[in-house]
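Numbering (numbering that gives the first Met the number 0), first residue to last: 0 to 148. The structure appears right after this line, and notes come after that.
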Amino acid sequence: MANQPRTEQQKQRHEGRTSNTYHHFLNELCTPGDMSKEEAERASVAVLGALEKRIQPTETSKMEAQLPLKLRELLKHSGIDKSSAPQRFGKDEFIEMVASDLETSPEEAESISRRVFATVRAQISDGEAEDVASQLPPDIAQLWRERPA
0 MANQPRTEQQ KQRHEGRTSN TYHHFLNELC TPGDMSKEEA ERASVAVLGA
50 LEKRIQPTET SKMEAQLPLK LRELLKHSGI DKSSAPQRFG KDEFIEMVAS
100 DLETSPEEAE SISRRVFATV RAQISDGEAE DVASQLPPDI AQLWRERPA
């Protein structure tokens, strides 16, 4: 029975749940009210794209598996090579990548990164959050763990 094709109703329910999870993620990111859903989407891809350049591909896959499907699809099409070895860079370079992608100031990029990280941490297990942090240099790990202002 588990291998039977999905009915149209099951497909619609699955799509509805997937969409709701993604919208919940974006709503959490937009909660302070100063970011549109489109900006939240761009911010998520920019921050997670920079993060994924810094951690092992296997860890990237494990983290992404716990994120909403629509966000995973956006990340898949972001052009990041997830098969290569992690790049070595610290917080300043990380923030500069995000600022460049979002065409914003480093201060705003740091604030946005903190918000995206907090929203991602709320979506993934505590164990996975710690696994991600363990692959980061101390300054980025601190940013990963901080609560948004």
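We put the CB at the ideal spot given by N, CA and C, even for glycine.
Output the distance between the C-alpha atoms of residue 51 and residue 43, rounded to the nearest integer angstrom. Walking along the sequence shown from the start, residue 51 turns up at place 52. Walking along the sequence shown from the start, residue 43 turns up at place 44. Roughly 12 Å separates the two Cα atoms.
Counting Cβ pairs, one atom from each stretch, are 3 or more of them under 8 Å apart for the region 18–29 and the region 115–128? In short, these stretches touch, since the Cβ pair count reaches three.
So, helix, strand or coil for residue 77, using DSSP? Within the sequence shown, residue 77 is the residue found at index 78, counting from 1. Coil, per DSSP.
Alpha-carbon spacing of residue 115 relative to residue 6, whole angstroms: To locate residue 115, count along the sequence shown from 1; it is residue 116. To locate residue 6, count along the sequence shown from 1; it is residue 7. Roughly 35 Å between the two C-alpha positions.
Here's the rule I'm using: 16 or more other beta-carbon atoms within 10 Å means buried, otherwise exposed. How should residue 67 be labelled? Indexing the sequence shown from 1 puts residue 67 at position 68. Burial check for residue 67: the Cβ neighbour count within 10 Å reaches 16 or more, so the residue is buried.
May I ask you to report which of helix, strand or coil DSSP gives residue 148? The sequence position of residue 148 within the sequence shown is 149, counting from 1. Here residue 148 sits in coil by DSSP.
Got a sec? Which residues, its chain only, sit under 7 Å from residue 95 by beta carbon, not counting five neighbours each side? Position 96 of the sequence shown, counted from the first residue, corresponds to residue 95. When the five nearest sequence neighbours on each side are left out, the beta carbons in the same chain lying within less than 7 Å of the beta carbon of residue 95 are those of 105, in order along the chain.
Mapping DSSP to helix, strand and coil, what is residue 128? Translated into positions along the sequence shown, residue 128 becomes position 129. Helix, per DSSP.
Cβ neighbours of residue 98 in the same chain (closer than 8 Å, five flanking residues each side left out): Indexing the sequence shown from 1 puts residue 98 at position 99. Cβ-Cβ distances below 8 Å link residue 98 to 104, 105, 107, 108 in the same chain, with the five nearest sequence neighbours on each side left out; the list follows chain order.
CB-CB under 7 Å to residue 138, same chain, minus the five flanking residues each way: which ones, in chain order? Here the question's residue 138 lines up with position 139 in the sequence shown. So the list reads 89, 90, once near-sequence residues are dropped.
Inter-residue spacing [alpha-carbon to alpha-carbon] between residue 20 and residue 86: The residue you call residue 20 lines up with position 21 of the sequence shown. The residue you call residue 86 lines up with position 87 of the sequence shown. In this structure, the alpha-carbon of residue 20 lies about 31 Å from that of residue 86.
Give the DSSP-derived three-state secondary structure of residue 118 in the structure shown. By one-based count along the sequence shown, residue 118 stands at place 119. Reduced to three states, the DSSP call for residue 118 is helix.
What is the DSSP secondary structure of residue 31, reduced to helix, strand or coil? What you label residue 31 is simply residue 32 of the sequence shown in a count that begins at 1. The DSSP-derived three-state label of residue 31 is coil.
Hey, how far is the Cα of residue 143 from the Cα of residue 46? Taking the first residue of the sequence shown as position 1, residue 143 is located at position 144. Taking the first residue of the sequence shown as position 1, residue 46 is located at position 47. Near 11 Å, if we compare the C-alpha coordinates of residue 46 and residue 143.
Skipping 5 residues on each side, what residues in its chain have a beta carbon closer than 6 Å to that of residue 71? As a position in the sequence shown, residue 71 is number 72, starting the count at 1. Counting only residues of its own chain and dropping the five nearest sequence neighbours on each side, residue 71 has a CB closer than 6 Å to the CB of 63.
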